[in-house]
Amino acid sequence: MKILYRYLYKKLTVYLLILVPSFSFVAVLAELIELLRKAKNLDFTAILLYTIYQTPEKIYYILPVSMVVAFFLLAKDLINSREIYPILLNGLSLKRIGFSLFIFPTLVSGIQILNHEFVMPKAKKNAEEIYRIIKKKPKSEPLIAYSSWVTIDKRTFLYFSFFDLRKKEGKGLVILRYDRNFNPVIRIEGKSFKIDKEIYINNGKIITINSLSNIDLKKFSSFVFPEKIDVENLKKLIKVKKPVSIRQLYRSAKIAEKFGYPSAFYWSKMYSKLSTVIAPLILSFSFYPFIWSRKKYTIVIIAFLLLGYWYSTAFLSTMAQSNVIPYYGIFAVDVIYVLLGLIFYRKLKFSEL
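Below you can see the structure in the form of structure tokens.
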């Protein structure tokens, strides 16, 4: 049996290694044509780098569909070559074969996670920067920043837990000032703050360090830090990471909720990304009973169900972003498709018709 499964895994791997680059090439080529049509700066080196950095994201969306097509090609190959008959005559049912083959899309989902968490964030950031160069667009300003250190001058540093760059206010402020020998002399903490040229701090304390034996602590309800700060320049100093990975989206959602900022966008994006990560396994199981059918209209049904899956997931993601449905409602499509696959999987038998 191990020899058989190794043979089937090898076939699936070959199909996947052919399909993914092929689909990715078509997707990148289509985007490249559109980019060249609208580009204001024909820097071919930048365009080449852009297509390279876009590839991980293309693979991320293409893998689930490629997995279904690979299973479909495997089934058709076994049927057309009549290799399926000795397999069935040796007592192996299509159900048992499928149960063993589902390990493969599980591994592919694992690859999806690695790609999404470790490759895509950096690649997407680089692609966006190059895209702005090609299109000659100004850098988009971030709306929020969190857990960041900013250098005010050579001896003054500012830290905030959360900062709304649009409202110019935030929470969890710490200001540190050092002397010429870089010894701490003042530490200012505040629960909330607002920047309007100067920094207005609320509900905090000032720690003045004259020496190790002379430390003064004063609490305040409001305090103005006499330091002229240009928020526009401050935006350039703050390194804001646009959330891409599931971990980054989760962190952004939790921080936004903690400080009273709308978090629906981050939650819906996170659950939508998670749904795409597990899609190779979900779709492989759901479509497995259909790939063994020899009826000509089966491929139409598979194509229709694939389109229905992606459009339904995108629609529910938009609904979740607007708080119309719970964020986890995005998984309703996965549940429906799994149930559909389970119903047909239990009835699965090989037919000559």
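If you're matching positions, the sequence shown starts at 0 in numbering that gives the first Met the number 0 and goes up one per residue. Even for Gly, the Cβ is constructed at its ideal location relative to N, Cα and C.
ILE129 is positioned such that its CB atom lies closer than 8 Å to that of TYR49. Contiguous alpha helix (DSSP H) elements confined to the stretch 70-115 occur at 83-88, 93-100, 102-113, taking only those with 4 or more residues. In the assembly as shown, PHE286 is a buried residue. Its beta-carbon has 16 or more other beta-carbons within 10 Å. Leaving aside the five residues that flank PRO120 on each side, the residues in its chain whose CB is nearer than 8 Å to its CB run, in chain order, LYS240, VAL243, SER244, GLN247.
Per DSSP, PRO279 is one residue of the alpha helix (DSSP H) stretching across 263-290.
The three-state reading of DSSP puts TYR145 in strand, counting E and B together.
Relative to the Cα of PRO104, the nearest Cα in the group VAL184, VAL118, VAL276 belongs to VAL276. With contacts defined as CB atoms closer than 8 Å, ILE301 and PHE284 fail to qualify as a contacting pair. Contact check for ILE187 against ILE200 passes: the beta carbons are separated by less than 8 Å. Inter-residue distance for LEU62 and VAL25 is about 14 Å (C-alpha atoms, whole angstroms). Burial is judged here by how many other beta carbons sit within 10 angstroms of a residue's own beta carbon; ASP333 has at least 16 and is buried. In the DSSP annotation of this structure, the continuous segment of the beta strand (DSSP E) that includes LYS227 starts and ends at 213-228.
Sixteen is the threshold: since fewer than 16 other Cβ atoms of the shown chains lie within 10 Å of the Cβ of GLU197, the residue is exposed. Between the alpha carbons of LYS193 and ASP178 lies a distance of about 26 Å. Counted as a single uninterrupted DSSP element, the alpha helix (DSSP H) harbouring ASN125 occupies residues 119-134.
Close CB contacts of ALA278 within its chain, under the 7 Å cut and outside five residues either way in sequence, are with PRO63 (chain order). Taking the Cα positions, TYR260 is about 56 Å away from MET0.
With respect to LYS10, LEU73 sits close: the two C-beta atoms are nearer than 8 Å. The residue from ILE132, ILE151, ALA144, ASN202 with its alpha-carbon nearest to that of LYS227 is ILE151.
With the rule of 3 Cβ pairs closer than 8 Å, the stretch 69-89 does not count as touching the stretch 161-169. GLU197 is bridged by DSSP to ASP195. Taking 8 Å as the cut-off, the beta carbon of LEU93 is found closer than this to the beta carbon of TRP291.
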